[in-house]
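Presented below is the structure to which this report refers.
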Amino acid sequence: MKYFFKKKNIADASVGEILQEHRRRKNISLEAAAAATKINVKYLRALENGDCQSLPSGVYARNFLREYCFWLGLNSQPMLEAFEGEINLTKVDAGGQEIFSRQRPRWYYFLSLPKVARNTILVIVILGGLGYLGWRIQQIIAPPALAIMFPPESYLTAENKITLLGRTERETRLTVNGSEVLSDEAGNFSEEVNLTAGLNVITVKAKKRYSREAEAVRQVLVK
């Protein structure tokens with residue numbers, strides 16, 4: 015279903031009739047006018063016929079009318095005023111939008127919120143962003159998890175060597191008493207440590223690329 019302009023006389027003629035009459039006085043076809051103005055012929059035809067449904071939304075129709083009036087040698091301002099009166103700006107199309115309303119970007123509606131509400135939303139967004147950033151930084155710099163399964167703390171033995179067993183996170187650099195130790199894909203590691211008579215201190219350190227260092231110490235007493 016098409017909507018058409020309400021008739022509003024300008025010197026006993028509608029806007030479309032005036033456009034059509036001035037074009038015919040120039041003895042120019044609608045196609046030639048479209049080529050000269052660089053406006054699609056279907057839009058010029060819609061302007062002359064008062065067929066607002068066939069015109070684009072937003073300010074485009076006004077601009078087309080302004081350019082067409084200029085090309086025909088007409089004063090565009092009174093034509094625009096009469097044109098808007100004819101189409102009745104409260105008329106809406108099938109989509110529920112004003113046919114000649116200005117298209118507003120989504121951020122316009124955010125800016126139209128009351129200042130207090132807008133500032134509250136901004137504060138929430140900023141705090142949320144800062145909170146997430148802080149959490150991510152903490153995740154990066156936090157020391158990796160490190161657990162020693164064997165030996166237990168203050169372990170007593172008569173052996174001259176012991177197999178250290180532990181677990182850490184993946185992609186972690188491990189050292190046992192300063193010597194680098196490799197872990198498997200699950201983070202498990204084992205290392206044989208030589209012992210001497212008396213108290214032996216085993217220090218295990220784990221560190222990721224940007225993290226702080228994790229440390230675990232076991233004391234083993236050899237009889």
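Using the numbering used here, you'd call the opening residue of the sequence shown number 15 and step up by one each time. All C-beta atoms in this analysis are idealised placements derived from N, C-alpha and C, irrespective of residue type, glycine included.
Residue i classed as buried or exposed, judged by whether at least 16 other C-beta atoms fall within 10 angstroms
i    : result
S43  : exposed
F78  : buried
V218 : buried
N23  : Model confidence at N23 stands at a pLDDT of 44, short of 50, so the residue's coordinates are unreliable; what they give is reported in the following sentence. Its Cβ having fewer than 16 others within 10 Å, N23 is exposed.
K222 : buried
T134 : exposed
G143 : exposed
Option in the options with minimal Cα separation from residue i
i    : options                  : result
I162 : V236, Y57 and S204       : S204
E229 : G192, A60 and T51        : G192
Y169 : K221, E81 and V234       : V234
E199 : E98, R184, P70 and A159  : R184
N208 : G64, T177, N89 and S90   : T177
E100 : G201, H36 and R76        : R76
E167 : L213, G142 and E227      : L213
L61  : K40, W149 and Q34        : Q34
G64  : I138, I32, R132 and L196 : I32
Cross-strand partners of residue i (DSSP beta bridge)
i    : result
Y169 : V234
T177 : E206
L160 : T182
E229 : K219
R241 : The structure shown does not extend to residue 241, since the chain spans only 15 to 237, so no value can be given for it.
N89  : Per DSSP, none; premise fails for N89.
Supposed close pair residue i, residue j - CB separation, criterion 8 Å
i    : j    : result
I155 : V190 : Not quite, the Cβ-Cβ distance comes to about 23 Å (not below 8 Å), so this is no contact.
T210 : V231 : Not confirmed; about 17 Å, so no contact.
S13  : P157 : This structure cannot settle anything about residue 13, because the visible part of the chain is limited to 15 through 237.
A220 : L179 : Actually they are not in contact, since the Cβ atoms of A220 and L179 sit about 14 Å apart, beyond 8 Å.
K175 : E194 : Not confirmed; about 19 Å, so no contact.
K56  : S68  : 6 Å
G201 : T182 : 5 Å
Point to revise | Segment contact, 8 Å Cβ cut-off, at least three pairs: the region 50-68 with the region 76-96 | key: yes
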